[in-house]
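Counting from 85, one number per residue, gives the positions in the sequence shown under my numbering.
Beta carbons: idealized from backbone N, C-alpha and C, even for Gly.
Report on the following structure.
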Amino acid sequence: MTVTTDSGTFSYGHLDKGTKLLLDQLLTATPPLPDGPLLDVGCGAGPIALSLAARFPDRVVYAVDVNERAVELCRLNAATNGLDNVVVALPEQVPSDVSFAGIWSNPPIRGGKDLLHSILRTWLTRLAPEGYGRLIVHKNLGSDSLQKWLVSVGFECERVSSRSGFRLLHVTAHTDAHTSGDS
């Protein structure tokens, strides 16, 4: 797969180690998904969204990012790789009635807890009833505290692997996930 990057986007010029670990898992150990669209949160230039689209060609894959340059690059990369099942958008452009069978992300940890929690609340509450999310987070950047926070706000969250300092978290929603506290 060909992916064009730029200095104004995450992981310029290379595939981030955490993203690579998430993609390795996607190709080998993903549990069955219910029917429905998939989502890459914080898509950057698109390596996760493109991999999802190639792995699940019969599904619509939404790729969202707040960085307009990232959105441009992800669109370009989807077209370059002939992946017409990718919908690249700014967050506000995703229809509010869409729920997701699966959500994958190497979330923007360095943006701070408030931003991270807001992003995860926005998207993880849109999981389909049988859907799940997969988040890759470095241990030294708060993976364990993020896991505890997710549980505290009503999500089921378990660590499914730990490699090279990264934790892969598997997240499912409870019906009250969108109403719990914000510790």
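- prompt: Residues in its own chain within less than 6 Å of residue 175 by CB, not counting five upstream and five downstream?
  reply: Numbered from 1 along the sequence shown, position 91 holds the residue referred to as residue 175. Hits under 6 Å: 148.
query: How is the alpha helix (DSSP H) around residue 187 delimited, first residue to last?
result: Against the sequence shown, residue 187 aligns to sequence position 103. Unbroken run through residue 187 is the beta strand (DSSP E), 184 to 189; no alpha helix (DSSP H).
message: If the criterion is Cβ atoms closer than 8 Å, does the pair residue 249 and residue 222 meet it?
response: The count along the sequence shown starts at 1 and reaches residue 249 at position 165. The count along the sequence shown starts at 1 and reaches residue 222 at position 138. Cβ atoms of residue 249 and residue 222: closer than 8 Å.
- prompt: Secondary structure at residue 102, three-state DSSP: helix, strand or coil?
  reply: The sequence position of residue 102 within the sequence shown is 18, counting from 1. In this structure, residue 102 counts as helix in the three-state DSSP scheme.
- prompt: Looking at C-alpha atoms only, which residue of 247, 219, 245 is the closest neighbour of residue 234?
  reply: Here residue 234 refers to the residue found at position 150 of the sequence shown. Comparing C-alpha distances from residue 234 to each of 247, 219, 245 shows the shortest one belongs to 219.
message: From the DSSP secondary-structure annotation, give me the bridge partner or partners of residue 176.
response: Reading the sequence shown from its first residue, position 92 is the one you call residue 176. Partner(s): none; residue 176 has no beta bridge.
task: For residue 86, write down the residues that DSSP places opposite it in a beta bridge.
output: For the purposes of this step, residue 86 is taken as residue 2 along the sequence shown, with counting starting at 1. Residue 86 pairs with nothing; no bridge assigned.
- request: Label residue 137 either buried or exposed according to how many other C-beta atoms from any shown protein chain fall within 10 Å of its C-beta, with 16 as the threshold for buried.
  value: Residue numbering aside, residue 137 sits at position 53 when the sequence shown is read from its first letter. Around the C-beta of residue 137, 16 or more other C-beta atoms lie within 10 Å, and the residue is accordingly described as buried.
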